[in-house]
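A.B. asks: Below is a structure I'd like to ask you about.
Number of protein chains: 2
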Amino acid sequence: MNKQQLIDNIRRKRSFLCVGLDPDTAKMPTCLDGNLFEFNRQIIDATAEYAIAYKPNLAFYEVLGTRGYEMFEHTVKYISDNYPDIFIIADAKRGDIGNTSKMYARSFFEQLGVDAVTVAPYMGEDSVTPFIGFDGKWVIVLGLTSNQGSHDFQMLRDADGRYLFEDVMSKAASWGNHGNMMFVVGATQGRMFEDVRRILPQHFLLVPGVGAQGGSLEEVARYGMTDECGLIVNSSRGIIHASNGKDFATVAATKAHEMQQQMETLLKSKGII
Amino acid sequence: MNKQQLIDNIRRKRSFLCVGLDPDTAKMPTCLDGNLFEFNRQIIDATAEYAIAYKPNLAFYEVLGTRGYEMFEHTVKYISDNYPDIFIIADAKRGDIGNTSKMYARSFFEQLGVDAVTVAPYMGEDSVTPFIGFDGKWVIVLGLTSNQGSHDFQMLRDADGRYLFEDVMSKAASWGNHGNMMFVVGATQGRMFEDVRRILPQHFLLVPGVGAQGGSLEEVARYGMTDECGLIVNSSRGIIHASNGKDFATVAATKAHEMQQQMETLLKSKGII
Numbered sequence: 016m017n018k019q020q021l022i023d024n025i026r027r028k029r030s031f032l033c034v035g036l037d038p039d040t041a042k043m044p045t046c047l048d049g050n051l052f053e054f055n056r057q058i059i060d061a062t063a064e065y066a067i068a069y070k071p072n073l074a075f076y077e078v079l080g081t082r083g084y085e086m087f088e089h090t091v092k093y094i095s096d097n098y099p100d101i102f103i104i105a106d107a108k109r110g111d112i113g114n115t116s117k118m119y120a121r122s123f124f125e126q127l128g129v130d131a132v133t134v135a136p137y138m139g140e141d142s143v144t145p146f147i148g149f150d151g152k153w154v155i156v157l158g159l160t161s162n163q164g165s166h167d168f169q170m171l172r173d174a175d176g177r178y179l180f181e182d183v184m185s186k187a188a189s190w191g192n193h194g195n196m197m198f199v200v201g202a203t204q205g206r207m208f209e210d211v212r213r214i215l216p217q218h219f220l221l222v223p224g225v226g227a228q229g230g231s232l233e234e235v236a237r238y239g240m241t242d243e244c245g246l247i248v249n250s251s252r253g254i255i256h257a258s259n260g261k262d263f264a265t266v267a268a269t270k271a272h273e274m275q276q277q278m279e280t281l282l283k284s285k286g287i288i
Numbered sequence: 016m017n018k019q020q021l022i023d024n025i026r027r028k029r030s031f032l033c034v035g036l037d038p039d040t041a042k043m044p045t046c047l048d049g050n051l052f053e054f055n056r057q058i059i060d061a062t063a064e065y066a067i068a069y070k071p072n073l074a075f076y077e078v079l080g081t082r083g084y085e086m087f088e089h090t091v092k093y094i095s096d097n098y099p100d101i102f103i104i105a106d107a108k109r110g111d112i113g114n115t116s117k118m119y120a121r122s123f124f125e126q127l128g129v130d131a132v133t134v135a136p137y138m139g140e141d142s143v144t145p146f147i148g149f150d151g152k153w154v155i156v157l158g159l160t161s162n163q164g165s166h167d168f169q170m171l172r173d174a175d176g177r178y179l180f181e182d183v184m185s186k187a188a189s190w191g192n193h194g195n196m197m198f199v200v201g202a203t204q205g206r207m208f209e210d211v212r213r214i215l216p217q218h219f220l221l222v223p224g225v226g227a228q229g230g231s232l233e234e235v236a237r238y239g240m241t242d243e244c245g246l247i248v249n250s251s252r253g254i255i256h257a258s259n260g261k262d263f264a265t266v267a268a269t270k271a272h273e274m275q276q277q278m279e280t281l282l283k284s285k286g287i288i
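Order-wise, the sequence lines are chains V and A. Each residue of the first sequence is one higher than the one before, starting from 16 at the first, in our numbering. Each residue of the second sequence is one higher than the one before, starting from 16 at the first, in our numbering.
Structure below.
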């Protein structure tokens, strides 16, 4: 999916919501018997009209071994087959030496057919660039993450007083462009979005951390939204595990709808729709 | 496997060789018909007497989807069942927010039963510490990697003139100890091992980059070896793809034996055996 298609979908659906498909078997209704795919299928059918993206996190599938990996594949295929206008992000946080990153890129883009993969930048250029150059595909580089540990290294200052995350963003941005690269910026980072936008005025940002992690959607929009929206805001637990009963899909739909409505208001106030 | 057992194995086998199980189907003999597990099985049987560790890199399995993931699982099980004194490293370069890293840790240590997992440090403390606290298991943190891109961020200087990789090593080391944490330092980094040893005098280092990537074993030992050895040196392509004919396993054994003999000389010259 290219940038214009993504923006068109945001305008049409009046939403920039990404639903994180991170199913925790301990929080799933017992009647599903640990079947992640069936859980996802019901969540997807219930929330697809409110979301423009889904983001399965690989960890939640790999923990179940081969069976989990298979359910991850089925989930991606189910979305592609039934909701072709949905942007699929494999939240994998990969990154390795060049020839290995190339393997990962082929795995995610050619084997699985997702639209985007999250990548950790620590290993530098040859770990990131193999994800660039696939038509309509995106690399999403970790910039300033939503967790407590983001302060350990991402906010170290360099000799010029710049934070590491700023160095990462400006250097990584030079390896691609705003049509094939996005950055992760946590919703918990508040006004830091202003600094991010000085470095990346046009890039889309993938924003986790709204909901369970405490980030505010209004604050993210105030400091991070561009005139093309430029935001994909993710919520995982706050939607998919809002109920652990048989009504989990209905409750997920309600939560997703609530977020879509907040997003519609924000898109309107910015004149984007 | 605890640290003393690892050191005992190094002394007994007169080797600190790790064989990287990164099978590239394009470089495998055609008679194996892309069967990574069968390729690995023959490589393992041929090289196990010269190696103290195996390091499968997940990317080379994931590229084949569920079937690849299954062959990764079979490979780990084959090593555990047949060579229980071998240290198994899942080269996965994972790392995510706390609850997700915990999923990965359970996946690798409990589901798969490997001894160690490589982890990228960019997301900080809560992305690394979930891998600590499993009895006899290790987290291996990326420190100074072997690739060209290692210069992009790892060698940025902070406000005190220290490299980022030095900040990463000293801070991460405080989250664990030299009985449950190792660091990746690329063989291509030469005299940088002296700086690393000032920060980490007792930690084991996992050293990729000898062979195809151009690192020198003698240089690594000169600047990086401790009186407990403290090194696990990896070779992948230089061993497993030394021949792409039917004799691949025999040639791999020859290459592994050559490295073991160089390592024996180095261990002797340091008085470790």
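Positions of the beta carbon are idealized from the N, C-alpha and C atoms, including for glycine. Note that the structure is predicted; figures quoted are calculated from it, not measured.
Using only alpha-carbon positions, find the residue among Asn-114/A, Val-134/A, Thr-90/A and Phe-102/A that is nearest to Asp-111/V.
C.D. replies: Translated into positions along the first sequence, residue 111/V becomes position 96. Among Asn-114/A, Val-134/A, Thr-90/A and Phe-102/A, the Cα nearest to that of Asp-111/V belongs to Val-134/A.
A.B. asks: List the residues of chain V whose Cβ lies closer than 7 Å to the Cβ of His-256/A, in chain order.
C.D. replies: Against the second sequence, residue 256/A aligns to sequence position 241. Within chain V, no residue comes near His-256/A; the closest Cβ sits about 12 Å away, beyond 7 Å.
A.B. asks: Rounded to a whole number of angstroms, what is the C-alpha to C-alpha distance between Tyr-65/A and Phe-87/A?
C.D. replies: Here residue 65/A refers to the residue found at position 50 of the second sequence. Here residue 87/A refers to the residue found at position 72 of the second sequence. Near 22 Å, if we compare the C-alpha coordinates of Phe-87/A and Tyr-65/A.
A.B. asks: In the stretch 67 to 102 of chain A, which residue ranges form an unbroken beta strand (DSSP E) of at least 3 residues, counting only runs that do not cross its ends?
C.D. replies: As far as the stretch 67 to 102 of chain A is concerned, its whole beta strand (DSSP E) runs of at least 3 residues are 68 to 71.
A.B. asks: For the alpha helix (DSSP H) holding Val-129/A, just list the boundary residues, first then last.
C.D. replies: Looking up residue 129/A in the second sequence gives position 114. It is not in any alpha helix (DSSP H) - Val-129/A carries neither H nor E in the DSSP assignment.
A.B. asks: What ranges does the beta strand (DSSP E) occupy inside the stretch 193 to 280 of chain A, keeping only unbroken runs of at least 3 residues that lie completely in it?
C.D. replies: Qualifying beta strand (DSSP E) stretches, in chain order: 196 to 200, 220 to 222 and 246 to 250.
A.B. asks: Compare the C-beta of Val-183/A with all C-beta atoms of chain V and state if any pair is closer than 8 Å.
C.D. replies: Within the second sequence, residue 183/A is the residue found at index 168, counting from 1. Yes, contact with chain V.
A.B. asks: With His-193/A and Gln-169/A assumed to form a contact (beta carbons below 8 Å), what rounded beta-carbon distance in angstroms separates them?
C.D. replies: Taking the first residue of the second sequence as position 1, residue 193/A is located at position 178. Taking the first residue of the second sequence as position 1, residue 169/A is located at position 154. Their Cβ separation, rounded to whole angstroms, is 21 Å, which puts His-193/A and Gln-169/A out of contact at 8 Å.
A.B. asks: Who pairs with Ala-105/A in a beta bridge, going by DSSP?
C.D. replies: As a first step, residue 105/A must be located in the second sequence, where it is residue number 90. DSSP output for Ala-105/A lists Val-132/A as bridge partner(s).
A.B. asks: Within the 8 Å Cβ cut-off, does Phe-75/A reach chain V?
C.D. replies: Residue numbering aside, residue 75/A sits at position 60 when the second sequence is read from its first letter. True, the Cβ-Cβ gap to chain V drops below 8 Å.
A.B. asks: Report the rounded CA-to-CA distance for Ser-95/A versus Ala-41/A, giving the unit in angstroms.
C.D. replies: For the purposes of this step, residue 95/A is taken as residue 80 along the second sequence, with counting starting at 1. For the purposes of this step, residue 41/A is taken as residue 26 along the second sequence, with counting starting at 1. Those two C-alpha atoms are separated by around 27 Å.
A.B. asks: Do Asn-72/V and Thr-115/A count as a contact pair if the criterion is CB distance below 8 Å?
C.D. replies: Within the second sequence, numbered from 1, the residue matching residue 115/A stands at position 100. Within the first sequence, numbered from 1, the residue matching residue 72/V stands at position 57. Taking 8 Å as the Cβ cut-off, Thr-115/A and Asn-72/V qualify as a contacting pair.
A.B. asks: Between the C-alpha atoms of Val-129/A and Gln-126/V, what's the straight-line distance to the nearest angstrom?
C.D. replies: If you number the second sequence from 1, residue 129/A lands on position 114. If you number the first sequence from 1, residue 126/V lands on position 111. So the alpha carbons of these two residues sit roughly 26 Å apart.
A.B. asks: Look up Leu-171/V in the DSSP assignment and say whether it is helix, strand or coil.
C.D. replies: Here residue 171/V refers to the residue found at position 156 when the first sequence is read from its first residue. It is coil, neither helix nor strand.
A.B. asks: Which whole-angstrom value describes the C-beta separation of Gly-151/A and Asp-141/V, a residue pair presumed to lie in contact below a C-beta threshold of 8 Å?
C.D. replies: For this step, residue 151/A is matched to residue 136 along the second sequence. For this step, residue 141/V is matched to residue 126 along the first sequence. The pair is not a contact, with the Cβ atoms about 34 Å apart (cut-off 8 Å).
A.B. asks: How is the beta strand (DSSP E) around Ile-155/A delimited, first residue to last?
C.D. replies: Sequence index remark: in the second sequence, residue 155/A carries index 140 (1-based). Counting along the chain, the beta strand (DSSP E) containing Ile-155/A begins and ends at 153 to 159.
A.B. asks: Output yes or no for whether 8 Å exceeds the beta carbon distance between Leu-215/V and Ala-188/V.
C.D. replies: By one-based count along the first sequence, residue 215/V stands at place 200. By one-based count along the first sequence, residue 188/V stands at place 173. Cβ atoms of Leu-215/V and Ala-188/V: closer than 8 Å.
A.B. asks: Strictly below 9 Å CB to CB, what residues from chain A border Val-200/V?
C.D. replies: By 1-based counting over the first sequence, the position of residue 200/V is 185. Here the premise fails: no neighbours, minimum Cβ distance about 13 Å.
A.B. asks: Would you kindly work out how many angstroms separate the C-alpha atoms of Gly-76/A and Leu-36/V, rounded to a whole number?
C.D. replies: Taking the second sequence and counting its residues from 1, one reaches residue 76/A at position 61. Taking the first sequence and counting its residues from 1, one reaches residue 36/V at position 21. Strictly speaking, residue 76/A in this sequence is Tyr, with Gly absent from that position. So the two alpha carbons sit approximately 23 Å from each other.
A.B. asks: Would you call Glu-181/V buried or exposed, if buried means 16 or more other Cβ atoms sit within 10 Å of its Cβ?
C.D. replies: Sequence index remark: in the first sequence, residue 181/V carries index 166 (1-based). Buried, since its Cβ has 16 or more Cβ neighbours within 10 Å.
A.B. asks: Is DSSP giving Tyr-178/A helix, strand or coil here?
C.D. replies: Counting from 1 along the second sequence, the entry for residue 178/A is found at position 163. Three-state DSSP puts Tyr-178/A in a strand.
A.B. asks: Show which residues of chain A have a CB atom less than 7 Å away from the CB atom of Pro-38/V.
C.D. replies: Position 23 of the first sequence, counted from the start, is the residue given in the question as residue 38/V. The contacting residues do not exist; Pro-38/V stays about 11 Å from chain A at best.
A.B. asks: Is there a Cβ from chain V that is less than 8 Å from the Cβ of Ala-174/A?
C.D. replies: Your numbering for residue 174/A matches position 159 in the second sequence. Judged by the 8 Å Cβ criterion, Ala-174/A is in contact with chain V.
A.B. asks: Indicate whether the contact test is met: 3 or more Cβ pairs, each with one atom in the stretch 275 to 282 of chain A and one in the stretch 229 to 243 of chain A, closer than 8 Å.
C.D. replies: Verdict: yes, contact present.
A.B. asks: In chain V, which residues lie with their C-beta within 7 Å of the C-beta of His-166/A?
C.D. replies: Position 151 of the second sequence, counted from the start, is the residue given in the question as residue 166/A. What His-166/A touches in chain V: Gly-139.
A.B. asks: Answer with buried or exposed for Lys-28/V, where buried requires no fewer than 16 other C-beta atoms within 10 angstroms of its C-beta.
C.D. replies: Position 13 of the first sequence, counted from the start, is the residue given in the question as residue 28/V. Buried.
A.B. asks: What number of angstroms, rounded off, separates the C-alpha of Val-154/A from the C-alpha of Val-132/A?
C.D. replies: Mapped onto the second sequence, residue 154/A falls at position 139. Mapped onto the second sequence, residue 132/A falls at position 117. Cα to Cα, the separation comes out at about 5 Å.
A.B. asks: Applying the criterion that 16 or more other CB atoms from any shown protein chain within 10 Å of the CB defines a buried residue, is His-256/V buried or exposed?
C.D. replies: Walking along the first sequence from the start, residue 256/V turns up at place 241. His-256/V should be labelled buried.
A.B. asks: Less than 8 Å between the C-beta atoms of Lys-270/V and Ile-254/V, yes or no?
C.D. replies: Position 255 of the first sequence, counted from the start, is the residue given in the question as residue 270/V. Position 239 of the first sequence, counted from the start, is the residue given in the question as residue 254/V. Contact flag set, yes.
A.B. asks: Could you check whether the Cβ of Tyr-119/A sits closer than 8 Å to any Cβ belonging to chain V?
C.D. replies: The residue labelled residue 119/A in the question sits at position 104 within the second sequence. By this cut-off, Tyr-119/A is an interface position.
A.B. asks: Could you name the residues of chain V that Leu-179/A contacts, counting a contact when the two beta carbons are closer than 8 Å?
C.D. replies: Taking the first residue of the second sequence as 1, we reach residue 179/A at position 164. By Cβ distance, chain V contributes Phe-168, Leu-171 and Leu-179.
A.B. asks: So which residues on chain A does Gly-4/V lean against when the C-beta distance must stay under 8 Å?
C.D. replies: The question about residue 4/V has no answer here: the residues shown for chain V are numbered 16 through 288.
A.B. asks: Could you compute how far the alpha carbon of Val-266/A sits from the alpha carbon of Phe-208/V?
C.D. replies: Indexing the second sequence from 1 puts residue 266/A at position 251. Indexing the first sequence from 1 puts residue 208/V at position 193. C-alpha separation (whole angstroms): 55 Å.
A.B. asks: Mind pulling the chain V residues with CB within less than 7 Å of Glu-88/A?
C.D. replies: For the purposes of this step, residue 88/A is taken as residue 73 along the second sequence, with counting starting at 1. Within 7 Å Cβ-Cβ: Gly-80 and Thr-81.
A.B. asks: By the 10 Å Cβ neighbour count, where 16 or more other Cβ atoms means buried, how is Cys-46/A classified, buried or exposed?
C.D. replies: Taking the first residue of the second sequence as 1, we reach residue 46/A at position 31. That one is exposed.
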